[in-house]
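In this text, residue positions in the sequence shown follow UniProt numbering: the first is 1, and each later residue adds one.
For each residue, glycine too, the CB sits at the ideal point set by N, CA and C.
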Amino acid sequence: MTSLSSRGVSLSSLNRECIFATKLILFILLTLTSPYRCDSSDSNLSSSGSVNVTNNFISNSKSSKSIDGVQATITNDDIQNGQQIPLVRLPSNTLLKYTAYKDVSIQHFLIPMDSRSAMFSFKSYEESKSALTRVCQPQDVTLHLKAGSYPVISPENITFPKHFLSAEQRYEIYTLQFKSDGQTRRMTIDGPQPGNWFAVAFISWTDPNNERIEQQGLSPSCETLLLSEMTVTRTSLRILNSDVEFNDSLYTNATAPNSYKFFVPRNVDICTFKLTITRPCIECKDINFIVQSRSLPTAKNYLHSTIINVSQINDDVIEFYPHENAWHYVDLKFLDQQNASKNASSAIVGNNSNAVQHRIEFNMTIGFQLKNTNGNIDDDNGVENNNNRIDTSNDDFMQYIPPMPKNRLFDEYPLMRQTYREFFMYDYDLVPDVNGTVPISINLTSRMPALMKFEIGDVYDIGGTLTFAIAMKSDVTSTPIRDESSPSSTSSIYIEQAIAEKLTAEEAKINNQTVIICIRLNEPGIPTFPDKCTYGRQTFPANTIINNTNDDTSMSVIHIPFPESGTWYVTMGLFCTDKDTAVEATARTTIIDSVKTFIRHNSQMLKSFHPQCSCVRELNLGHYSECLETQSCLTQMNETETLKIKECLMDAKCTSGEHIKLSRAFDIHHKRATEQSVNGKSILGCTDANCNTSIAFTLASNPCVTGRCGRNGRCYHYMSGGFVFSTCLCLKFYRGWDCTEDSQVPSSISILAASLLLTLSNLLFIPSVYFAIRRSYYTEAIIYFFAMFFSTFYHACDSGDEEFTFCLVKISVLQFCDFYCGLLAIWVTLIAMANVRPSFVSILHMLGAILLAFGTELNKQSLWVFLAPALSGICIVSFSWTMKCRKHKKVYPSKKYFAIYLPLGSILVMIGLICYAFLQTKQNYHIVHSIWHMVMAMSILCLLPKRKMFEEKC
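Structural data, given as structure tokens:
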């Protein structure tokens, strides 16, 4: 019984041990598998670029992101609360001194969608490359940051070529300058573009002409390193769908705006955003509606912005031109909310918890107007065909608004891409016709601008220069003139005169054709006469303009270095004007034209005026009703008549309750008309709506600028941070992006003088060779001769800027021989001064020849390559002279050598070393280095002793 009970106790304890072991195994398994689940969720977030959408809100389950071993947990609360989310930490990169674009260090960042802001952190510090170097001075560091592609910069403040696309029409470049002192600098960008961001960093440029040429080893050997990090702040967004009403509210004490996003597909021309205030707020300030494509809007970057009154129940209709195939973001906030959000903190919120809170309620609907693919245009009033327009029959006042003008109607030409094997080489041609023939030109008419769009890919397409070249084709044709009479000399003269007059008339007819070209990323521009391109709310100077007045102006070219990835648009508008007519699009004409469009659209209201209306008695309404239906009569109406009819339409006694709706409709129409550039004939000044011309174009990408760098540079490919780019290395002191800036190019005479000075200064070695032979130093004489020979031909090959250059062999061979023979000349001179036994002389000569060849090949510009033979030789000289003095009990060598030749030679050597090591700059190199040649040659005459000086007594 006792044994049984004891056995039962042992079984129960065994069960407890099994349960504990099972729990332990499960805990270990869960611990091992949890990192893989975190990594999986993180990879899904990174690959998709956005998070899952559920119930019109962004939802993000708890995920973990690994950054160099540090786990950063990202939750939905972080997104809603605007917490900074660390995403990128780059390894340290070595920075180089900027001499050309090849010296930049590229940093790459990837910003996810729906980011409210991005903060970049940079820390630069110095690191010693030598154990002997203790202190490294901080360097000036410059960093440029840009979205979509590498920044196009000019640290030398050199103006870019005139055919380069203006930096104002590309993504903004953010610049940061700081010291490499180990301090962290931060740069915050609001509403960043999602996708690739590139930063180029380098040690700041300084004028190389004023910089000292430092001998390696005399200055601290330091390395400048850069650490980079990026964190983003994401926001909670509500998804809007087209033609679906969305209800929401906005609070006055909110620290962040209400943010929404909606997707605009292809072939959408106009977006209509209708916002209805259902619960107004009299005490509240107006709200600001601001929209932007691809990124959250900011006060600086947006497509459209409107102030909306919320003090009463009303409908506001906002129309704007979107970017096709892109997400668009909308912010709604009170006008004073931006300042309040900047000063918001937890303490302030706690103190203001009892403050009065107001809110408004509203509903909104987004609608799309598709492009008019048929190209139907109403010739009379210049508006689009309204078949694709959104249904506005349920709106009380929308029926009184004239349709949008034909701003965005283009004649589109599809393009086909051809890619080549070389880096950054591809081009675009028109799509072949049914016969497989590629058209060589396109027909451009003044009725409608032409449009071409093309895609630039990520990384692989952005390292070259995109070039768009265009030219007008002279194609003057005339109908043949037939002569019915019999052929004779007289009739042939008349025929020739008639043909000449016909050709002259045709030439005069097309003499004033102007083509305005607009090129831009993500958005097509509207060519506007005489020299503008309109992109939504912004107007820029035209990228280029050509006309047919002469051969020089009939062609042009646009270069886009490092083009941003995305969809690019090229639009071309043809304008034909009279030769002696100056056409201007004045603001007054725009206002009157918009009023005429409005009253013509609502001309039926004139027939329903009340009898007590004063306009019925003052105006002949029947006449004006018929006049407004005819374009010619409408054009002849003066300004007084036009404004009078508009006032009658908005008079409460004339149109009863409709006057409020008409007033609101006119406000929307007038604002739209003044904001947008109308391509009507009266504004653009096109006197011939049927004129046309043929243009030929090329659209291609090449390394550098059209695959070359002119006659004064070489095009190379470089890689930094895993990214390849092409850039120019300029020659002959030329500078600039394409090696065309010549402000520092010396004259041919100065180049020749510098080259002759560097080469002919070596001729002072001839006396050294002569006296070495006279003093029976035959080995030394041979070394001096070849030192002179190779130095002369090395500088003849290295100087001259390829204009007066002569290379006997490869410059690397000449450079090695120059340094080697110079070092060997120092060595054999010291051995000659030591006056050791002949058996030791041959050993020391061969030992020096082998070791100096090894050192020269290892690092010919190192300080130790010069110090090793010099210090070793001085030690041998000192030891030899001391031993001879002790052996012969006499001062050695002669008193005259000690008193005159040795001090003079030593002074010349010190002057030469100071010039070589401390005084050389790029600007004075030919002078100082020539002095080095001469003093070293003269020092040999002093230091190389005569034989009899070793035997004289002091």
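- Short of 6 Å from the beta carbon of LYS860, and not among the five residues preceding or following it, lie these beta carbons of its own chain, in chain order: PHE819.
- Linking ARG238 to ASN196 through their CA atoms gives a straight-line distance of about 25 Å.
- Counting only the Cα atoms, LEU634 lies some 11 Å from HIS623.
- In the three-state DSSP reduction, VAL291 falls in the strand class (E or B).
- No Cβ-Cβ contact shorter than 8 Å links TYR329 with PHE202.
- Comparing alpha-carbon positions, the option among LEU226, LYS102 and ASP190 lying closest to PRO138 turns out to be LEU226.
- Approximately 15 Å separates the beta-carbon atoms of GLU324 and THR272; this is outside 8 Å, ruling out the contact.
- Nearest to ALA868 by alpha-carbon distance, out of VAL841, LEU908, LEU824 and ILE900, is LEU824.
- Judged by DSSP in its simplified three-state form, ASP269 adopts strand.
- When Cβ pairs closer than 8 Å are counted between the two stretches, the segment 556–571 is seen to touch the segment 452–463, the count reaching three or more.
- DSSP places VAL317 in no alpha helix (DSSP H) but in the uninterrupted beta strand (DSSP E) bounded by 315–320.
- Sequence-distant Cβ neighbours of ALA754 in its own chain, meaning closer than 7 Å and more than five residues away, are SER799 and HIS926.
- Membership of ASP818 in the alpha helix (DSSP H) is indicated by the continuous run 811–834.
- Around the beta carbon of LEU335, fewer than 16 other beta carbons sit within 10 angstroms, so the residue counts as exposed.
- In terms of Cα proximity to HIS845, the closest of ILE826, GLU857 and ARG775 is ILE826.
- In this structure, the alpha-carbon of ILE843 lies about 11 Å from that of ILE831.
- The beta carbon of ILE911 is closer than 7 Å to those of VAL935 in its chain, skipping five residues each way along the sequence.
- DSSP places HIS623 in the uninterrupted alpha helix (DSSP H) bounded by 621–627.
- Exclusion of the five residues before and after SER880 leaves ALA834 and VAL836 as the residues of its chain whose Cβ lies within less than 6 Å of its Cβ.
- Using a Cβ-Cβ distance cut-off of 8 Å, the segment 518–529 and the segment 704–718 are not in contact, since fewer than three pairs of beta carbons, one from each stretch, lie closer than that value.
- Here GLY855 carries a helix assignment [DSSP, helix/strand/coil].
- Assigned with DSSP and collapsed to three states, HIS358 falls in coil, not helix or strand.
- For the pair ILE440 and ARG417, the Cα-to-Cα distance works out to about 15 Å.
- Annotation: the continuous alpha helix (DSSP H) that includes TYR784 extends over 778–798.
- Taking all protein chains shown into account, TYR778 has fewer than 16 neighbouring C-beta atoms within 10 Å of its C-beta and is therefore exposed.
- Between LEU871 and LEU863, the alpha-carbon positions lie close to 12 Å from each other.
- By the neighbour-count definition (other C-beta atoms within 10 Å, threshold 16), ARG600 is a buried residue.
- As far as DSSP is concerned, ASP667 takes part in no beta bridge.
- With fewer than 16 other Cβ atoms inside 10 Å of its own Cβ, LEU110 counts as exposed.
- The beta carbon of SER228 lies closer than 6 Å to those of LEU90, GLN107 and PHE122 in the same chain, with the five residues before and after it left out.
- Here the C-alpha atom of ILE560 lies approximately 15 Å from the C-alpha atom of ALA542.
- Assignment of beta-bridge partners to ASP411 by DSSP yields ALA450.
- Secondary structure of THR655 (DSSP, three-state): helix.
- Inter-residue distance for THR184 and THR175 is about 15 Å (C-alpha atoms, whole angstroms).
- Annotation for TYR426: the continuous beta strand (DSSP E) segment containing it runs 426–430.
- Residue environment: HIS929 is assigned as buried (16 or more neighbouring CB atoms within 10 Å of its CB, all protein chains considered).
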